[in-house]
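Heads up: the protein sequence lines correspond to chains W and S, in order. Per the working numbering, the very first residue in the first sequence carries number 2; after that it's consecutive. Per the working numbering, the very first residue in the second sequence carries number 2; after that it's consecutive.
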Amino acid sequence: MSRGSLVRGGLFVLVLATLPSFGLQHWFLNLMVFVLMFATMSSAWNLVGGFAGYPSLGHAAFFGIGAYSMALIFHGHVLSNGYEPFLLLPLIGLISAAVGFPIALIAMRTRADVFAIVTITFLFMVQTLAFNLRGWTGGSQGLSLPVAPFPAVSFEEPFYYTLVLLLCFTLLVTFGALRSKVGLSLVAVRADEDKARGIGVRVTGVKVLAFCVSVGITAMVGGVWAYYETFIYPQFAIDPLITIAVVLMTFLGGRATLWGPVLGAFVLEAGQQTLAYRLGGSQFYLIAYALVFLVIMLLLPRGVLPTLGDRLRQRRRARSVDSTSGGVTPMAAGAAEPPVALRRGASA
Amino acid sequence: MHALVQGVILGVLTGGVYALMASGQTLIFGIMKVVNLAQGAMVVMSAYLSYQLFVSFGVDPFLAIPVTTVVMFGVGVGVQLVFLRPLRRDDKSELSLLVTFAVALLIEGLLSITFKTTYRSINTSYANSSWTVGGYQITVVRVYAFALSLVSLGLLFLLLNRTRFGRAVRATVQNPDSARLLGVESEKVAALGFGLGAATAAAAGSVYGLLYPFYSGSHYDLISRLLSIVVLGGLGSVGGAVVAAVIVSTSSAVVASTVSPAWSEMTFFVILLLVLLVRPQGLFGKVGRGAL
């Protein structure tokens, strides 16, 4: 498994890193920038929503906090080489993690439902504040950032590579979590939090850690987005649809897997950008979104990767059983499901 | 001082409407352990229904309530049957949360296509009239709305405490497994319960359309308020939701009138966090299971 995922990861990074050198058109690079944003955010959401089983509905708020931090730092400044905002991203991540820390500490004392309630309420509160604190955020007038002084020919590339780095960082964090005690603790929390606490897992610690890392990464993506857009408004920077998109992508690809959220983001964000271009009006697009979501939840609640992985494993096992004894039915072999942790590990 | 009292009057009167919306939401949670994020969307949908009835047929929003509640009851039962019942998994509560979010988006999308996204308001002849009592403005609509909420909550109380169905609902809330063992058809109770929750949203929605201008995205404003109320009252406790609605609504109206409307939205969140710090189960909630 280790060598396989190493090869897969290396290939993925290689393809992403060399992609712009093929002389791609601007629309495609622009699309890739958004795909990478959502792939990073979905992978980050996966740490809390997937592994720990605490569905945060407030990640869009942290995206917005990152975007507004970036805008507030650089509003009215003149950039020299254009790379300063990227260098400040870790700071923005830390600020947002610090904002998320007390919220996680309080919200995670209770069950997952209440956690979802607190995070979604936080989302709408931050949005209202962004509208109302006109002195800082400019209210609905929005806030401008300096335009990046990159040459028009390769304007998207710095953003693209920054996001590739962010995505790799997130995937490495996830990979590390998968293979460490922290990841195991998170899975234990999702399976049965009380029992996990009972056998000595530091439940609160790992949950809060996962949340802070997750929202920190999300805020960094928000910062890149703000710099890319150069003008941000409350309704777009803090949009419930961002939350729903991230959740949907993670669910589509497969929760609590390494590649699931990335797959989901590549499929859905590419589809969404195309759809938005074709349909234009945002209302149809809202309905399409809701319907895709409902279909995935009802028909494929575990996501593509875990479902496919199970199919493959069942077939492989059936074949090996056939070749050894020949007598045992494949169904009986497939019915013995491996425990959650094993299954998840194998599909990563 | 004047602003404070004015805020309290406004808050208490509006609190009745929120109590109605929140009682449906907490009921749904109590029965099915589903946090219904579509409750706000159902309120807005029913506001549009009574808007349309008023514009096309001149039906007064208060008189439209029987129609909207029946329609929304049907919608609620439909949502439960089509989207929530098929979820049969260990992580049902997590999935149902996301499914109701998707339902909210679906309703929002359908409403914005049907009615566009401009603000609507129901302008009845009495919409802007008000009484002045001891120097304080009391709008007629809010008094009516408050009275209507009391009547509706009374009916809900009777339904829950005096009928066979109500007894089945209360039994399911207290202990689903025992209720099932004693012959309560939990599937049926769940469907009807979701319908009932949607019906309270409908009654509240007609009034909401009278009190505030609304558009298809208004349900986002409602969600955070309703959820704070429900958590403060104790998830699953209808009585708690009523008390909490008045507390939350009054405090946010007071903040709006004395400090600044910009910070009134903050009130919900601060109350929510304080509740979770001091008493995570809410005012009337019980640890581990719902109460009524």
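C-beta: ideal position from N, C-alpha, C; glycine also.
- Counting C-beta pairs closer than 8 Å gives fewer than three between the stretch 70–79 of chain W and the stretch 49–68 of chain S, which falls short of the contact rule.
- Looking at W:257, W:269, W:313, W:290, the one whose alpha-carbon comes closest to that of residue 303 (chain W) is W:257.
- Of S:31, S:10, S:45, the smallest CA-CA separation from residue 209 (chain S) is found for S:45.
- For residue 267 (chain S), the nearest beta carbon of chain W is closer than 8 Å to its own beta carbon.
- Residue 253 (chain S) has its alpha-carbon roughly 10 Å from the corresponding atom of residue 16 (chain S).
- Sequence-distant Cβ neighbours of residue 100 (chain S) in its own chain, meaning closer than 8 Å and more than five residues away, are 84, 85, 88.
- The beta carbon of residue 224 (chain S) sits closer than 8 Å to some beta carbon of chain W.
- In this structure, the alpha-carbon of residue 255 (chain S) lies about 29 Å from that of residue 30 (chain S).
- Within the model, the alpha-carbon separation for residue 272 (chain S) versus residue 61 (chain W) is close to 22 Å.
- For residue 138 (chain S), the enclosing beta strand (DSSP E) has its first and last residue at 137–140.
- As computed with DSSP, residue 132 (chain S) is found in a beta bridge with S:139.
- Around the beta carbon of residue 69 (chain S), 16 or more other beta carbons sit within 10 angstroms, so the residue counts as buried.
- The beta carbon of residue 106 (chain W) sits closer than 7 Å to those of 209, all from its chain and outside the five residues before and after it, given in chain order.
- Contact note: residue 205 (chain W) does not reach chain S at a C-beta cutoff of 8 Å; the least C-beta distance is about 14 Å.
- Listed along chain W are 125, 241, each with a C-beta nearer than 7 Å to that of residue 221 (chain S).
- Assignment of residue 316 (chain W) by DSSP, reduced to helix, strand and coil, places it in the helix class.
- Secondary structure at residue 171 (chain S): helix, using DSSP grouped into helix, strand and coil.
- The count of Cβ pairs closer than 8 Å, one atom from the stretch 247–254 of chain W and one from the stretch 33–51 of chain W, reaches three, so the stretches are in contact.
- Counting C-beta atoms within 10 angstroms of its own C-beta, residue 220 (chain S) has 16 or more neighbours from the protein chains shown and is therefore classed as buried.
- If only complete runs of 4 or more residues are kept, the stretch 235–294 of chain W shows the alpha helix (DSSP H) at 235–238, 241–254, 261–280, in order along the chain.
- The alpha-carbon of residue 151 (chain S) is positioned some 45 Å away from that of residue 198 (chain W).
- For chain W, none of the residues of the stretch 157–180 of chain S brings a beta carbon within less than 9 Å of one of its beta carbons.
- Note: residue 84 (chain S) is not bridge-paired with any residue in the DSSP secondary-structure output.
- The beta carbon of residue 160 (chain W) is closer than 7 Å to those of 34, 225, 229 in its chain, skipping five residues each way along the sequence.
- Using a Cβ-Cβ cut-off of 8 Å, residue 116 (chain S) does not count as an interface residue toward chain W, since no Cβ of chain W sits closer than that to its own.
- Contact annotation: the stretch 259–267 of chain S touches the stretch 116–136 of chain W, with at least three C-beta pairs closer than 8 Å.
- Two segments are said to touch when three or more pairs of C-beta atoms, one from each, lie closer than 8 Å; by this definition the stretch 54–64 of chain S touches the stretch 120–130 of chain S.
- By the beta-carbon neighbour count (other beta carbons within 10 angstroms, threshold 16), residue 237 (chain S) is buried.
- When Cβ-Cβ separations below 8 Å define contact, residue 133 (chain W) makes contact with chain S.
- In this structure, the straight-line span from the alpha carbon of residue 86 (chain W) to that of residue 212 (chain W) is close to 24 Å.
- A distance below 7 Å between beta-carbons, with the five flanking residues on each side excluded, links residue 202 (chain S) to the following residues of its chain, in chain order: 22, 25, 40, 43, 44, 47, 73.
- Assigned with DSSP and collapsed to three states, residue 58 (chain S) falls in helix.
- Chain-ordered, the chain S residues with CB closer than 7 Å to the CB of residue 111 (chain W) read 277, 281.
- As the crow flies, the alpha-carbon of residue 176 (chain S) is around 21 Å from that of residue 98 (chain S).
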